[in-house]
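Per this note's numbering, the sequence shown starts with residue 203, numbered consecutively.
Reviewing the structure listed below.
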Amino acid sequence: MTTSDVLLTADADGVRTFTLNRPQAYNSLTVELKELLLAGLTEAAADDSVRAVVLTGSGKAFCAGQDLKEHVGLLQAGDPAPLHTVKEHYNPIVKTIVGMPKPVIAAVNGPAAGAGAAFAYASDLRIAATSANFLMAFANVGLGPDSGASWTLQRLIGLGRAAELMLMARTVDSAEALALGLVGEVVPDEELAARAQKVAAKLAAGPTVAYAKIKNVLAVAAESSLEEALDAEDAAQSALGATADHTEAVEAFVGKRKPNFQGK
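The structure is reproduced here in structure tokens:
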């Protein structure tokens with residue numbers, strides 16, 4: 203495990219876990235934490251030894267979003283940094299999560315608000331602790347959504363529900379989040395870390411090159427015609443059919459054994 207003051211990084215079984223580590227401030231996002239997280243995610247995306255990623259928080263919260271104390275202090279000091287953080291930090295972080303060529307699991311261990319919730323929405327899978335909840339509170343501070351939430355949330359739960367949660371700034375508890383399809387699974391708080399690691403390790407042992415293509419064709423299909431989606435699927439299948447993982451999977455099936463995927 204490597205440790206910084208505000209971000210913990212640990213590797214196990216091909217899984218890299220990033221833990222936002224400002225529990226006294228509900229893991230709210232300072233400039234330092236945003237820069238460290240972006241750098242860490244970028245490195246994980248390029249590291250072939252990392253085959254799955256988990257994002258979680260320390261203490262009782264997942265992430266409360268922007269650190270408003272730092273934000274207000276910079277505004278009062280006339281520092282232009284807060285006006286550029288969406289472009290310089292939030293947008294690149296979300297693009298890196300969505301574009302990660304390997305699965306990303308958000309282990310939502312407590313309240314997730316604003317950009318923190320948006321990071322979970324951008325992940326491929328969301329596993330929530332019973333105590334978790336989600337809040338799009340932008341309207342409460344006179345702002346609109348950022349960190350990709352306008353794009354990701356409506357794709358998870360539909361335009362009408364997304365508009366309701368953003369306009370009303372209503373908290374969604376873990377039970378409702380499961381019913382809405384906002385998360386895929388809810389587990390007791392004390393079981394979350396182990397469950398997220400188990401799911402991530404299973405994915406890490408799988409055909410990660412295929413996972414990257416699956417993510418890609420889903421992204422294309424979300425924004426394209428049927429014809430374009432079919433073309434993307436064809437291109438992906440042609441490329442994947444030539445991979446060592448596909449050959450291994452077929453040989454394992456014929457040989458009635460478990461495949462040994464290498465992500466190649």
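From the three backbone atoms N, C-alpha and C, an ideal C-beta is built for every residue, glycine too.
Boundaries (first-last residue) of the beta strand (DSSP E) holding V388:
Taking the first residue of the sequence shown as 1, we reach residue 388 at position 186. Segment 387 to 389, the beta strand (DSSP E) holding V388.
Under the rule that 16 or more other beta-carbon atoms within 10 Å means buried, what is G312, buried or exposed?
The residue labelled residue 312 in the question sits at position 110 within the sequence shown. G312 comes out buried.
Candidates S206, R218, A212: closest to A406 by CA position
Here residue 406 refers to the residue found at position 204 of the sequence shown. Answer by Cα proximity: R218.
Endpoints, the alpha helix (DSSP H) within which P294 is located:
Counting from one through the sequence shown, the residue named residue 294 turns up at place 92. Its alpha helix (DSSP H) spans residues 293 to 301.
Hey, A324 and G350: beta-carbon distance below 7 Å or not?
As a working mapping, residue 324 is identified with position 122 in the sequence shown. As a working mapping, residue 350 is identified with position 148 in the sequence shown. Cβ atoms of A324 and G350: closer than 7 Å.
How many whole angstroms separate the CB atoms of I295 and L243, which I take to be in contact at a CB cut-off of 8 Å?
Position 93 of the sequence shown, counted from the start, is the residue given in the question as residue 295. Position 41 of the sequence shown, counted from the start, is the residue given in the question as residue 243. Yes, I295 and L243 are in contact; Cβ-Cβ is about 7 Å, under 8 Å.
Pull up the distance between the alpha-carbon of A423 and that of D433, whole angstroms please.
As a position in the sequence shown, residue 423 is number 221, starting the count at 1. As a position in the sequence shown, residue 433 is number 231, starting the count at 1. Computed Cα separation, rounded: 10 Å.
When you compare the CB positions of G267 and G316, do they come within less than 7 Å of one another, or not?
Sequence index remark: in the sequence shown, residue 267 carries index 65 (1-based). Sequence index remark: in the sequence shown, residue 316 carries index 114 (1-based). For G267 and G316, yes; Cβs fall inside 7 Å.
6 Å CB neighbourhood of G216 in its chain, flanking five on each side removed:
Within the sequence shown, the letter at position 14 stands for residue 216. Here the set comprises R253, A406.
If we require 4 or more residues per run, which alpha helix (DSSP H) segments fall completely within the stretch 350 to 419?
351 to 359, 361 to 370, 376 to 382, 394 to 406
Would you report the Cα separation of A246 and A339, rounded to the nearest angstrom?
Within the sequence shown, the letter at position 44 stands for residue 246. Within the sequence shown, the letter at position 137 stands for residue 339. Taking the straight line joining both Cα atoms gives about 30 Å.
Mind checking who R459 pairs with in its DSSP beta bridge?
The residue you call residue 459 lines up with position 257 of the sequence shown. Paired residues: none, contrary to the question.
Going by DSSP, what residue range makes up the beta strand (DSSP E) through A438?
The residue labelled residue 438 in the question sits at position 236 within the sequence shown. Here A438 belongs to no beta strand (DSSP E); instead the alpha helix (DSSP H) covers 428 to 442.
Confirm, please, whether the CB-CB distance from L240 to D169 is below 7 Å.
Because the chain in this structure spans residues 203 to 466, residue 169 falls outside the shown range and cannot be described.
Which residues mark the beginning and the end of the alpha helix (DSSP H) in which K244 is found?
Here residue 244 refers to the residue found at position 42 of the sequence shown. The amino acid occupying residue 244 in the given sequence is Thr; Lys does not appear at that position. Here the alpha helix (DSSP H) through T244 covers 233 to 248.
Once you ignore the five residues that flank D391 on each side, which residues in its own chain have a CB closer than 6 Å to its CB?
Stepping through the sequence shown from its first residue, residue 391 is reached at position 189. Excluding residues within five positions, the ones whose Cβ falls inside 6 Å are A331, T332, S333.
Length of the line joining the Cα atoms of G386 and S376:
Within the sequence shown, residue 386 is the residue found at index 184, counting from 1. Within the sequence shown, residue 376 is the residue found at index 174, counting from 1. Approximately 10 Å, taken between the alpha carbons.
Whole-number beta carbon distance between L235 and F220, since they are thought to touch under 8 Å:
Within the sequence shown, numbered from 1, the residue matching residue 220 stands at position 18. Within the sequence shown, numbered from 1, the residue matching residue 235 stands at position 33. At roughly 10 Å, the Cβ-Cβ gap does not stay under 8 Å, so F220 and L235 are not in contact.
Reduced DSSP secondary structure (H/G/I, E/B, other) of D213
As a first step, residue 213 is located in the sequence shown; it is residue number 11 there, counting from the start. Looking at D213 - three-state DSSP - the assignment turns out to be strand.
On the criterion of 16 or more Cβ atoms from any shown chain inside 10 Å, does V419 qualify as buried, or is it exposed?
Reading the sequence shown from its first residue, position 217 is the one you call residue 419. Buried.
Do T410 and K304 have their C-beta atoms within less than 7 Å of each other?
Counted from its first residue, the sequence shown places residue 410 at position 208. Counted from its first residue, the sequence shown places residue 304 at position 102. The answer is yes: Cβ separation under 7 Å.
Using DSSP bridges, identify the partner residues of G259.
Against the sequence shown, residue 259 aligns to sequence position 57. Beta-bridge pairing links G259 to L222.
C-alpha distance - R363 paired with A322, whole-angstrom precision
As a working mapping, residue 363 is identified with position 161 in the sequence shown. As a working mapping, residue 322 is identified with position 120 in the sequence shown. Spanning the two alpha carbons is a distance of roughly 17 Å.
I'd like to confirm the pairing. Which residues does DSSP put opposite P313 in its beta bridges?
As a first step, residue 313 is located in the sequence shown; it is residue number 111 there, counting from the start. According to DSSP, which records beta bridges pairwise, P313 is partnered with N335.
Is L270 helix, strand or coil when you go by DSSP?
Residue 270 sits at position 68 when you count from the first residue of the sequence shown. In this structure, L270 counts as helix in the three-state DSSP scheme.
Mind checking R372: buried by the 16 CB within 10 Å criterion, or exposed?
If you number the sequence shown from 1, residue 372 lands on position 170. Exposed, because fewer than 16 other Cβ atoms sit within 10 Å of the Cβ of R372.
Could you check if V255 is buried or exposed, using at least 16 other CB atoms within 10 Å of its CB as the buried criterion?
Walking along the sequence shown from the start, residue 255 turns up at place 53. Its Cβ being crowded by 16 or more others within 10 Å, V255 is buried.
For F336 and L380, the rounded distance between their alpha carbons:
As a working mapping, residue 380 is identified with position 178 in the sequence shown. As a working mapping, residue 336 is identified with position 134 in the sequence shown. Their Cα atoms are separated by approximately 11 Å.
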